[in-house]
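In terms of the UniProt record's numbering, the sequence shown opens at residue 1 and continues consecutively.
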Amino acid sequence: MLKDKRPQPIDSTNDKDSGPAASRIRLNPKTKKVGAPKKLKKVIAAGEQKDRKWYVQAERGSKQAGEVTPEDLMEALTREQPSLHTTQRHLSGVIVKYGEVDGKKPKFRVMKNPVFTIDPFYILPPKLLAACVKCLPVSNTAEDAIEVDASQDTAPGVPKSKYSIAKEVVVIKDVGIYTREQIELFARVHNLKEVVDLDLGMQKWLTCEGIPSLPAAYHELGNKVAEEVPNTYPYMMIQSLPQ
(Lines of atoms letter the chains of each structure in order from A and count residues from 1; the text may use other names and numbers.)
(Lines give C-alpha, C1' and ligand atoms only; values in the text may rest on other atoms or scores of the structure.)
Protein backbone atom coordinates (compact mmCIF):
# COMPACT_ATOMS: atom_id res chain seq x y z
CA MET A 1 0.00 0.00 0.00
CA LEU A 2 1.41 3.41 -1.08
CA LYS A 3 1.86 6.08 1.55
CA ASP A 4 0.55 9.57 1.05
CA LYS A 5 3.63 11.80 0.60
CA ARG A 6 1.70 15.05 0.52
CA PRO A 7 2.65 17.52 3.28
CA GLN A 8 0.35 17.16 6.25
CA PRO A 9 -1.14 20.25 7.92
CA ILE A 10 0.61 21.42 11.07
CA ASP A 11 -1.40 21.26 14.21
CA SER A 12 -1.07 24.63 15.92
CA THR A 13 -1.94 23.09 19.25
CA ASN A 14 1.38 21.19 19.22
CA ASP A 15 3.47 24.29 18.27
CA LYS A 16 5.77 25.35 21.10
CA ASP A 17 5.59 29.07 20.15
CA SER A 18 1.82 29.15 19.94
CA GLY A 19 1.34 29.64 23.65
CA PRO A 20 0.76 32.89 25.51
CA ALA A 21 4.54 33.38 25.94
CA ALA A 22 5.16 33.52 22.15
CA SER A 23 6.95 36.70 20.94
CA ARG A 24 5.01 39.11 18.77
CA ILE A 25 6.24 42.04 16.64
CA ARG A 26 4.18 45.19 16.48
CA LEU A 27 5.01 47.99 14.02
CA ASN A 28 4.85 51.57 15.22
CA PRO A 29 2.88 53.62 12.66
CA LYS A 30 4.34 56.89 14.05
CA THR A 31 7.97 56.02 13.24
CA LYS A 32 9.79 58.78 11.32
CA LYS A 33 10.80 57.95 7.77
CA VAL A 34 14.52 57.71 7.03
CA GLY A 35 16.15 59.89 4.38
CA ALA A 36 15.54 63.28 2.85
CA PRO A 37 11.93 64.25 2.23
CA LYS A 38 10.77 63.77 -1.32
CA LYS A 39 10.14 66.88 -3.36
CA LEU A 40 6.88 67.50 -5.12
CA LYS A 41 6.77 66.57 -8.77
CA LYS A 42 5.91 70.16 -9.70
CA VAL A 43 9.00 71.45 -7.92
CA ILE A 44 11.22 68.86 -9.63
CA ALA A 45 9.74 69.64 -13.05
CA ALA A 46 10.19 73.40 -12.53
CA GLY A 47 13.83 72.91 -11.51
CA GLU A 48 14.58 70.73 -14.53
CA GLN A 49 12.92 73.22 -16.85
CA LYS A 50 14.99 76.07 -15.37
CA ASP A 51 18.21 74.06 -15.73
CA ARG A 52 17.41 73.31 -19.38
CA LYS A 53 16.76 77.00 -20.00
CA TRP A 54 20.14 78.03 -18.58
CA TYR A 55 21.85 75.22 -20.50
CA VAL A 56 20.36 76.37 -23.80
CA GLN A 57 21.35 79.97 -23.09
CA ALA A 58 24.90 78.93 -22.18
CA GLU A 59 25.24 76.89 -25.39
CA ARG A 60 23.91 79.79 -27.43
CA GLY A 61 26.28 82.20 -25.70
CA SER A 62 29.23 79.90 -26.29
CA LYS A 63 28.50 79.88 -30.03
CA GLN A 64 28.20 83.66 -30.08
CA ALA A 65 31.46 84.08 -28.17
CA GLY A 66 33.23 81.65 -30.46
CA GLU A 67 34.90 79.77 -27.59
CA VAL A 68 34.02 76.82 -25.36
CA THR A 69 34.97 78.37 -22.00
CA PRO A 70 35.27 81.95 -20.70
CA GLU A 71 38.96 81.31 -20.05
CA ASP A 72 39.53 80.49 -23.73
CA LEU A 73 37.54 83.60 -24.67
CA MET A 74 39.67 85.91 -22.51
CA GLU A 75 42.88 84.35 -23.81
CA ALA A 76 41.71 84.82 -27.42
CA LEU A 77 40.71 88.47 -26.83
CA THR A 78 44.01 89.24 -25.11
CA ARG A 79 45.98 87.60 -27.89
CA GLU A 80 44.09 88.99 -30.90
CA GLN A 81 43.04 92.38 -29.40
CA PRO A 82 40.10 92.93 -31.78
CA SER A 83 38.13 96.14 -32.22
CA LEU A 84 35.73 97.49 -29.62
CA HIS A 85 32.60 96.29 -31.43
CA THR A 86 34.08 92.83 -32.03
CA THR A 87 35.02 92.57 -28.35
CA GLN A 88 31.50 93.61 -27.36
CA ARG A 89 29.96 91.01 -29.67
CA HIS A 90 32.06 88.18 -28.19
CA LEU A 91 31.48 89.28 -24.60
CA SER A 92 27.73 89.48 -25.14
CA GLY A 93 27.73 85.67 -25.26
CA VAL A 94 28.74 85.50 -21.58
CA ILE A 95 25.47 85.76 -19.66
CA VAL A 96 24.95 86.97 -16.09
CA LYS A 97 23.42 84.21 -13.95
CA TYR A 98 21.80 84.19 -10.49
CA GLY A 99 20.68 87.80 -10.64
CA GLU A 100 17.85 86.99 -8.22
CA VAL A 101 20.35 86.13 -5.44
CA ASP A 102 22.60 89.17 -5.83
CA GLY A 103 22.38 89.86 -2.09
CA LYS A 104 23.79 86.49 -0.98
CA LYS A 105 26.79 86.45 1.38
CA PRO A 106 29.55 84.13 0.13
CA LYS A 107 31.90 82.33 2.50
CA PHE A 108 35.56 81.48 1.98
CA ARG A 109 36.60 77.87 2.61
CA VAL A 110 39.66 75.67 2.10
CA MET A 111 38.32 72.26 1.11
CA LYS A 112 39.74 68.96 -0.04
CA ASN A 113 38.26 67.65 -3.28
CA PRO A 114 35.42 70.21 -3.49
CA VAL A 115 32.54 69.60 -5.88
CA PHE A 116 32.42 72.78 -7.96
CA THR A 117 30.97 73.82 -11.30
CA ILE A 118 33.33 73.03 -14.18
CA ASP A 119 33.77 75.66 -16.92
CA PRO A 120 30.63 77.73 -16.26
CA PHE A 121 29.87 79.90 -19.30
CA TYR A 122 28.46 82.77 -17.26
CA ILE A 123 29.46 85.29 -14.62
CA LEU A 124 27.88 86.18 -11.30
CA PRO A 125 25.93 89.44 -10.84
CA PRO A 126 28.07 92.50 -9.93
CA LYS A 127 27.16 92.79 -6.25
CA LEU A 128 27.59 89.08 -5.56
CA LEU A 129 30.82 88.96 -7.56
CA ALA A 130 32.25 91.91 -5.60
CA ALA A 131 31.39 90.13 -2.34
CA CYS A 132 33.16 86.97 -3.56
CA VAL A 133 36.30 88.90 -4.48
CA LYS A 134 36.24 90.68 -1.11
CA CYS A 135 36.00 87.47 0.91
CA LEU A 136 39.02 85.93 -0.84
CA PRO A 137 42.26 86.42 1.13
CA VAL A 138 45.39 87.78 -0.50
CA SER A 139 46.87 84.95 -2.54
CA ASN A 140 50.47 86.10 -2.12
CA THR A 141 51.33 86.20 1.61
CA ALA A 142 54.57 86.69 3.54
CA GLU A 143 55.18 82.93 3.58
CA ASP A 144 55.24 82.63 -0.22
CA ALA A 145 56.37 86.14 -1.17
CA ILE A 146 58.58 86.71 -4.22
CA GLU A 147 61.34 89.20 -4.87
CA VAL A 148 60.52 91.88 -7.40
CA ASP A 149 64.10 92.14 -8.67
CA ALA A 150 64.56 88.36 -9.03
CA SER A 151 63.15 85.73 -11.32
CA GLN A 152 60.50 83.33 -10.03
CA ASP A 153 62.90 80.40 -10.31
CA THR A 154 65.35 81.91 -7.81
CA ALA A 155 62.77 83.62 -5.60
CA PRO A 156 62.62 82.30 -2.02
CA GLY A 157 59.51 81.00 -0.41
CA VAL A 158 57.83 77.64 -0.12
CA PRO A 159 54.10 77.30 -0.85
CA LYS A 160 51.85 76.34 2.01
CA SER A 161 51.59 72.59 2.42
CA LYS A 162 47.85 72.67 3.05
CA TYR A 163 47.21 74.43 -0.26
CA SER A 164 49.09 71.70 -2.17
CA ILE A 165 46.20 69.33 -1.47
CA ALA A 166 43.28 71.55 -0.51
CA LYS A 167 41.53 74.07 -2.74
CA GLU A 168 40.52 77.65 -2.01
CA VAL A 169 36.84 78.00 -2.80
CA VAL A 170 33.95 80.39 -2.29
CA VAL A 171 30.71 78.79 -1.09
CA ILE A 172 27.44 80.51 -1.98
CA LYS A 173 24.34 78.95 -0.46
CA ASP A 174 21.74 77.78 -3.00
CA VAL A 175 24.10 78.81 -5.82
CA GLY A 176 27.23 76.68 -5.85
CA ILE A 177 30.95 76.37 -5.06
CA TYR A 178 33.55 78.28 -7.08
CA THR A 179 37.33 78.15 -6.95
CA ARG A 180 39.58 81.19 -6.60
CA GLU A 181 40.57 80.89 -10.26
CA GLN A 182 36.92 80.94 -11.37
CA ILE A 183 36.10 84.02 -9.27
CA GLU A 184 39.13 85.86 -10.62
CA LEU A 185 38.11 84.91 -14.16
CA PHE A 186 34.57 86.20 -13.52
CA ALA A 187 36.09 89.48 -12.35
CA ARG A 188 38.23 89.76 -15.50
CA VAL A 189 35.22 89.25 -17.76
CA HIS A 190 33.13 91.71 -15.73
CA ASN A 191 35.86 94.38 -15.81
CA LEU A 192 36.31 94.04 -19.57
CA LYS A 193 32.55 94.33 -20.07
CA GLU A 194 32.55 97.56 -18.04
CA VAL A 195 35.48 99.00 -20.02
CA VAL A 196 33.66 98.25 -23.28
CA ASP A 197 30.53 100.05 -22.02
CA LEU A 198 32.63 103.04 -20.93
CA ASP A 199 34.34 103.23 -24.33
CA LEU A 200 31.02 103.11 -26.17
CA GLY A 201 29.69 105.83 -23.86
CA MET A 202 32.79 107.94 -24.51
CA GLN A 203 32.35 107.64 -28.28
CA LYS A 204 28.73 108.74 -27.98
CA TRP A 205 29.69 111.67 -25.75
CA LEU A 206 32.45 112.78 -28.13
CA THR A 207 30.12 112.72 -31.13
CA CYS A 208 27.13 114.40 -29.46
CA GLU A 209 28.65 116.78 -26.91
CA GLY A 210 32.45 116.75 -26.78
CA ILE A 211 33.40 117.70 -30.33
CA PRO A 212 30.73 120.41 -30.81
CA SER A 213 31.91 122.12 -27.62
CA LEU A 214 35.55 122.26 -28.79
CA PRO A 215 37.05 125.14 -30.79
CA ALA A 216 36.95 124.63 -34.54
CA ALA A 217 40.69 123.96 -34.63
CA TYR A 218 40.23 120.75 -32.62
CA HIS A 219 37.26 119.34 -34.54
CA GLU A 220 39.44 117.34 -36.91
CA LEU A 221 41.38 115.73 -34.07
CA GLY A 222 38.17 115.06 -32.13
CA ASN A 223 36.52 113.38 -35.13
CA LYS A 224 39.63 111.26 -35.71
CA VAL A 225 39.62 110.07 -32.08
CA ALA A 226 35.89 109.32 -32.25
CA GLU A 227 36.48 107.19 -35.35
CA GLU A 228 39.35 105.25 -33.78
CA VAL A 229 37.53 104.40 -30.52
CA PRO A 230 35.30 101.63 -31.99
CA ASN A 231 38.26 100.24 -33.97
CA THR A 232 40.61 99.93 -30.98
CA TYR A 233 40.86 97.20 -28.36
CA PRO A 234 39.57 98.53 -25.00
CA TYR A 235 42.95 98.16 -23.24
CA MET A 236 44.96 99.70 -26.11
CA MET A 237 45.96 103.35 -26.34
CA ILE A 238 44.37 105.41 -29.12
CA GLN A 239 47.15 106.65 -31.36
CA SER A 240 45.48 109.96 -32.22
CA LEU A 241 45.47 111.13 -28.63
CA PRO A 242 48.37 113.40 -27.66
CA GLN A 243 51.02 111.79 -25.45
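Glycine included, C-beta positions come from ideal geometry on N, C-alpha and C.
Burial state of residue i, where buried means 16 or more other Cβ atoms lie within 10 Å
i: Gln239; result: exposed
i: Glu181; result: exposed
i: Leu91; result: buried
i: Ser62; result: buried
i: Ala226; result: buried
i: Glu209; result: exposed
i: Tyr55; result: exposed
i: Glu67; result: buried
i: Thr31; result: exposed
i: Ile25; result: exposed
The alpha helix (DSSP H) enclosing residue i, as first and last residue numbers
i: Lys224; result: His219 to Glu228
i: Val189; result: Arg180 to Trp205
i: Lys127; result: Pro126 to Cys135
i: Glu67; result: Premise fails: Glu67 is in no alpha helix (DSSP H) and is neither H nor E.
i: Leu84; result: Leu84 to Leu91
Same chain, Cβ closer than 6 angstroms to residue i, five either side skipped, listed in chain order
i: Tyr163; result: Below a pLDDT of 50, predicted positions are generally treated as unreliable, and Tyr163, at 45, falls in that range; no measurement from the model is reported.
i: Glu228; result: Ile238 and Ser240
i: Lys231; result: The sequence given here places Asn at residue 231; Lys does not occur at that position. Taken in chain order, the residues that qualify are Ser83.
i: Val171; result: Lys107, Arg109 and Ile177
Beta-carbon spacing of residue i, residue j below 7 angstroms
i: Gly99; j: Gln64; result: no
i: Ile183; j: Cys132; result: yes
i: Val195; j: Pro234; result: yes
i: Gln49; j: Ile95; result: no
i: Val101; j: Val34; result: no
i: Leu77; j: Asp199; result: no
i: Lys105; j: Tyr122; result: no
i: Leu214; j: Pro70; result: no
Close Cβ partners of residue i (< 8 angstroms) along its chain, the five nearest in sequence each way excluded
i: Arg188; result: Met74
i: His190; result: Ile123, Pro126 and Leu129
i: Leu222; result: First, the amino acid is wrong: residue 222 is Gly here, not Leu. Cβ neighbours of Gly222 beyond the five flanking positions: Leu206, Gly210, Ile211 and Leu214.
i: Gly103; result: Lys127 and Leu128
i: Arg60; result: Gly93
i: Lys224; result: Ser240
Near the ligand SAM: residue i beta-carbon under 6 angstroms from a heavy atom
i: Asn28; result: Absence of the ligand SAM is noted for the structure shown, with no ligands found whatsoever.
Run of the beta strand (DSSP E) containing residue i, from where it starts to where it stops
i: Arg24; result: That residue, Arg24, is in no beta strand (DSSP E); it is neither H nor E in DSSP.
i: Val110; result: Lys107 to Met111
i: Ile118; result: Segment: none, Ile118 is in no beta strand (DSSP E) and carries neither H nor E.
i: Val169; result: Lys167 to Ile172
Chain-order list of residues whose beta-carbon lies under 7 angstroms from that of residue i (same chain, five-residue window excluded)
i: Leu192; result: Leu91 and Pro234
Test: residue i CB closer than 7 angstroms to a CB of chain B
i: Val138; result: In the structure shown, chain B cannot be found, because there is only a single protein chain.
### Message
Check whether the segment 163 to 177 and the segment 106 to 122 touch, using three or more Cβ-Cβ pairs below 8 angstroms as the test.
### Response
Judged by Cβ distances under 8 angstroms, the segment 163 to 177 makes contact with the segment 106 to 122, as three or more pairs qualify.
#### Entry: Touch test, the segment 196 to 203 against the segment 119 to 131, Cβ-Cβ under 8 angstroms, three pairs minimum
Contact between the segment 196 to 203 and the segment 119 to 131 is absent, because fewer than three Cβ pairs lie under 8 angstroms.
### Query
How about the segment 114 to 121 and the segment 211 to 223: do they share at least three Cβ pairs that are nearer than 8 angstroms?
Under the 8 angstroms Cβ criterion, the segment 114 to 121 does not count as touching the segment 211 to 223, having fewer than three qualifying pairs.
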